[in-house]
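Asker: Numbers 72 to 729, taken from this note's numbering, label the letters of the sequence shown in order.
A virtual CB, placed ideally from N, CA and C, is assigned to each residue, including glycine.
Remember, predicted model here, so these are calculated numbers, not experimental data.
Provided herewith is a single structure, encoded as C-alpha cells, for subsequent inquiry.
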Amino acid sequence: MSWAHYLLQVNIYLVIFYCFYKLLLDKETYFVLNRIYLIASGVLSLAIPFLRFEWFNKQKVTQHIYTSVDQLNSLVNKATIVEDAKEEFNWGNLIVLIYLLGILFCLARFIFQLVAVRRLLKTIGNGMAFSFLNKKVISNNVPEAATVNLHEDIHVKQLHTLDVLFFEFLGIITWFNPIIYAYKNTIKNIHEYLADEAAAKFQGDKEEYAMLLLSQAFGVRPNSLTNGFFTKSLIKKRIFMLHKQRSKKTAILKYGLFVPLFALTLVLSSATIRKNDQILGVVDKLSSITAKSFVKDVLATPLNVVQLISPPPPRIEQAPQAQTVIYDVVAEPTESNNEVDPNAFEPFYKHVFNAIIYPVAAANNKIQGNTIVNFTVKNGKITDAVVQTELGHGLDQEVLKPILNYTDYIKRDGNYSLKATFKLDGADTPLQNENATTADGYTPLAITITGMAPKEEAVEKPAPSFVAVSAPPVFPGGIQKLNSYLDKKIKYPIAALDNDVQGTVMVNFIVEKDGSLSNLKTDRKLGFGLDEEAIRVLKMSKWLPAIQDGKTVRVNYSIPIKFTLDQDKGENKANVIASIRLKNFPEGPNKEPLFIVDGEVKETVNVLKDLDAKKIDAIDVLKGPSAIALYGKRGENGAVIITSKNPEKARVSATLFK
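Structure (C-alpha cells):
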C-alpha cells in the first residue's frame, strides 16, 4: 500500500466519523464520551487502512473470460533501438510537491507555536490565564482567581493538551482536508465545556460564573496550543452549554451506533476502497512521496568471483502460426478464503498470453498437457513463483517467465495457482497431467494455450545479436576495464553473506545517447540485496553508446552477473574436480573448441594438460550460436570458459558480447 493510497483512506474515514458526530452527538452534553469519540475517530482513521479482514466473502461464483488472439511468434533481439522518451508535464508530481510544501508550512507553524508557548510561560502578561501540559499561568489581576485556577487545573489533570497536540500532528499530514480543522475546533470546545462544568460547580452559581466569562469577553487567548480561560470566540457557546439541559440517559444509545459504523468502515476498507479501480487509478498517477536514499548495508568484503556469464542459448521458437489463448478466472472458496475479481487479473492475463509461445520442441513432439505454477501476491506484487506440476519441453518455463516478469500492481493479495493448459489442434497425443489439481490454500486461475500441430518440424532460428544497430554499446576499455570496475565497486550484501546466497542476476537496462544507463531492472532475482547491488554498481557506470547510421542511439541491453561466495567459506560444500573431460564436441582438425582460461584465449585443447583440476573454480561450456555471439567466428566450434581459484585476491572475470 502506497503512502498516497493510505492518506486517501485516512481522510475518507475522518470525514465519515465526523459526519456521524455532527449528525448525532454534537448537541449531547456527554462531553467525556464526545471527547473519547473524537480521539478514537482520529486513531481509528490512522489504523483502519492497515486492518484487513478476509471474512467479508461473497457466495461462490464462477466467471469466465475468453479472449482469442492471433499471435505470430517472432524473434526477440538482444538489443533494439528505443525511441527517445517524450518529456510530458506530470500532474502527479505537481500534486506531491504542493502536498510536501503544505506539510513543511504546517510543521514550521507548529514549531513556531511551541516556541511562542515557551516564551509565554516565562513572561506572564496582564489578564492571562491558560495552561499547557502540566503548567498553568494565571495573572495576579485576574478576577475570581480561585475559580479560574480550578478551571485551568481541570485542563491539566485531564491532559487536554495531549488531545490538542494529537490533532495538530494529524492536521500536519492531512492539512488539505477541511474536516481536520473542524476536529481541532470541536475538541477544544469540549475541553472548555468540561472545565466550565467543574468550575461552575465550584463557583456554586452558574449565573455568576457566566457573568465572570462575560466580564472578560475581550480577553485574548495567548496561543492556539494552550487551553485558555478567556477565549472570546467560545464564550457564547460556553455559556449556552453551561445552561443547556443535560442529555437524557437514553441518548447514550446513540454512542452504541458507533460499533456498526466501525464495522462499516472495515468493510469499506477491505472490500471497496482497497480495490476500487478509480481510487487506485488516481493513486497510481501520483509519484511516491517517500524520500528514497541509498543506505549502505554491505560489508567491505570483496567477491571471490563476480562473473559476467554468456547469454542464454537462443530461444527456439515455432514458425509463424495462429495461436489461440483462452483464459478463465475460477473463483471458489479455498483455505485462504479469497475471492477472485476477474477484472483484477485481466491485465495479468493479457501480459501472460502475450508472452507465452508454444515451444518448437514441444510442438514437434506434440506435447499437450497441464502445468501449474504457484505464486504469492504481497502488497500488490508477485513473489515466490514456483512450478508445482511440471510438463517439461520448455512449457513450464514459458508460463513461469512472464509471471516473474510481471511488475504491475495486482489488486488482491493472496496465494494463487495458475493452471496452464497447452493444446495442439490436429494432435492425437494424450493430455499429460490431466488430473493435476490446485494445492490447498491457493486460489485457482486458468489459462489455455492452443497451437497448431506442425506438419513438419520447425527449424530453430538463431537470434542475431544487435541486428538493429551497427555498433553495440560497450564499456570503455572493454572487458579488462569492466573487470577492474566490478572488482572495485561490488560488495557482497550482509544478508546474502549471512545466508550463503549465490547465483545469477540478469540486469536489463537502456544505454542512453550520452552513455548513461537508465531503466535498470532485474529479470532473474536472487534477493538478499544482490539485485540492488548489481543495479547500484551498473547505474554508476558510463558506457560508450550504440551507433546506428553514424548517430548515437538509445539501446536496450542486458547483462547476466554471477555472484559466488569465497571458496574458503564454502569449501566443505564444494565437490573437488578430479578430472576434466569434454563430451559431445566434434573431433578432428579445425574442429577443436575455443578455450578461455581466466579471461585469456587458448585455441588448443593441450591447455588442459597444464591445468590442475583441483585449482579449477568453474567451467562453462558454450555451443553453437551462444559461442558465436560471444567470440565471433572463433567460437563456431564451441567455447570452454575455465575459471581458476585464487584465494589470495578477489577476482572479477567478465565476458562481453562481441
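Looking at PRO473 and GLY423, is the spacing between their C-beta atoms short of 7 Å?
Answerer: According to the sequence displayed, residue 423 carries Val and not Gly. Going by C-beta atoms, VAL423 is nearer than 7 Å to PRO473.
Asker: Taking all protein chains shown into account, decide if ILE441 is buried (16 or more other Cβ within 10 angstroms of its Cβ) or exposed.
Answerer: Note that residue 441 corresponds to Asn in the displayed sequence, not to Ile. Buried: at least 16 other Cβ atoms inside 10 Å.
Asker: Are there 16 or more other CB atoms within 10 angstroms of the CB of GLN80, so buried, or fewer, so exposed?
Answerer: Buried is the call here.
Asker: Can you give, in chain order, each stretch of the alpha helix (DSSP H) that sits fully within the segment 600-640 and has at least 4 residues?
Answerer: If we require 4 residues or more, the alpha helix (DSSP H) runs fully inside the segment 600-640 come out as 601-610.
Asker: Let me check understanding here. Comparing Cα to Cα, which of LYS559, GLU223, LYS206 and ASN205 lies closest to VAL213?
Answerer: Nearest option by C-alpha distance: GLU223.
Asker: Mind reading off the beta-carbon distance from VAL235 to ILE258? Whole number of angstroms is fine, and I expect it under 8 Å.
Answerer: With 8 Å as the limit, VAL235 and ILE258 qualify as a contact, their Cβ atoms being about 7 Å apart.
Asker: When you compare the segment 552-570 with the segment 613-621, are there three or more beta-carbon pairs, one atom per stretch, that lie closer than 8 Å?
Answerer: Touching, no.
Asker: Give the C-beta separation of LYS560 and VAL624 to the nearest angstrom, bearing in mind that I take them to be a contact with Cβ-Cβ under 8 Å.
Answerer: About 27 Å separates the two Cβ atoms, so there is no contact after all.
Asker: Whole angstroms are fine: how far does the CA of THR514 sit from the CA of ARG309?
Answerer: Their Cα atoms are separated by approximately 59 Å.
Asker: Give the DSSP-derived three-state secondary structure of SER116 in the structure shown.
Answerer: Helix, per DSSP.
Asker: Let me know if MET199 comes out buried or exposed under the rule of 16 or more other beta-carbons within 10 Å of its beta-carbon.
Answerer: Answer is buried; the Cβ neighbour count reaches 16.
Asker: ASN164: which of LEU516, ILE443, ALA75 and GLN503 sits nearest, CA to CA?
Answerer: The shortest C-alpha separation from ASN164 is found at ALA75.
Asker: Mind the definition here: the segment 83-97 touches the segment 108-123 only if three or more C-beta pairs lie below 8 Å; say whether that holds.
Answerer: Because the criterion of three Cβ pairs below 8 Å is met, the segment 83-97 and the segment 108-123 touch.
Asker: GLU223 lies in the alpha helix (DSSP H); which residues open and close that run?
Answerer: Note, GLU223: alpha helix (DSSP H), 216-228.
Asker: Run through DSSP, which three-state label would HIS76 get?
Answerer: Here HIS76 sits in helix by DSSP.
Asker: Pull up the CB-CB distance for THR460 and ALA498, whole angstroms please, since I reckon it's below 8 Å.
Answerer: That pair is no contact at about 20 Å.
Asker: Could I get the ranges of all uninterrupted beta strand (DSSP E) runs contained in the segment 179-203, with 3 residues as the minimum, in chain order?
Answerer: Listed in chain order, the complete beta strand (DSSP E) runs (minimum 3 residues) inside the segment 179-203 are 200-203.
Asker: Which same chain residues, not among the five before or five after TYR77, have their C-beta less than 7 Å away from its C-beta?
Answerer: Correct list, in chain order: PRO120.
Asker: Buried or exposed for GLY311, going by 16 or more other Cβ atoms inside 10 Å?
Answerer: Reading off the sequence shown, one finds Phe at residue 311, where the question assumed Gly. So PHE311 counts as exposed.
Asker: Would you report the Cα separation of LEU495 and VAL338, rounded to the nearest angstrom?
Answerer: If I take the Cα positions, the gap works out to 45 Å.
Asker: In terms of residue numbering, what span does the alpha helix (DSSP H) encompassing GLN573 cover?
Answerer: Element bounds for GLN573: n/a, residue is neither H nor E.
Asker: Using a Cβ-Cβ cutoff of less than 6 Å, which residues in the same chain neighbour LYS694 once the five nearest sequence positions on both sides are dropped?
Answerer: Cβ neighbours of LYS694 beyond the five flanking positions: GLY709.
Asker: Nearest to ILE174 by alpha carbon, out of LYS207, GLY242 and VAL227?
Answerer: Comparing Cα positions, the closest option is GLY242.
Asker: Since PHE446 sits in a beta bridge, which residues does DSSP pair it with?
Answerer: Answer is TYR487, bridged to PHE446.
Asker: Return the bridge partner residues of LEU693 from the DSSP annotation.
Answerer: LEU693 is bridged to ALA710.
Asker: Can you give the Cα-Cα distance for ASN260 and LEU168, rounded to whole angstroms?
Answerer: Straight-line Cα distance between these residues: approximately 34 Å.
Asker: Is GLY173 helix, strand or coil when you go by DSSP?
Answerer: Residue state, collapsed to three classes: helix.
Asker: Less than 6 Å between C-beta atoms, sequence neighbours within five positions excluded: which residues of the same chain meet that for ASN205?
Answerer: Only VAL227 meet the Cβ criterion.
Asker: Suppose contacts are defined by Cβ-Cβ distances below 7 Å. Is LEU591 in contact with LYS610 by that definition?
Answerer: For LEU591 and LYS610, yes; Cβs fall inside 7 Å.
Asker: Can the beta-carbon of GLY512 be found closer than 7 Å to that of ASN476?
Answerer: Their beta carbons are not under 7 Å apart, which means GLY512 does not touch ASN476 by this criterion.
Asker: Name the two residues that bound the continuous alpha helix (DSSP H) containing VAL330.
Answerer: Run containing VAL330: 329-338, per the alpha helix (DSSP H) assignment.
Asker: Using three-state DSSP, classify PRO473 as helix, strand or coil.
Answerer: It is helical.
Asker: Look at LEU471 and VAL431 and say whether their C-beta atoms are less than 7 Å apart.
Answerer: For LEU471 and VAL431, no; Cβs fall outside 7 Å.
Asker: Straight-line CA distance for ALA529 to ILE438?
Answerer: Because the pLDDT of ALA529 is 44, which lies under 50, any placement of that residue in the model is unreliable, and the question is left without a value.
Asker: What's the gap between the Cα of GLY522 and the Cα of ALA605?
Answerer: Looking at the two C-alpha atoms, the distance is approximately 39 Å.
Asker: In the DSSP output, what is GLY440 paired with across the bridge?
Answerer: Its beta-bridge partners are PHE493 and GLN503.
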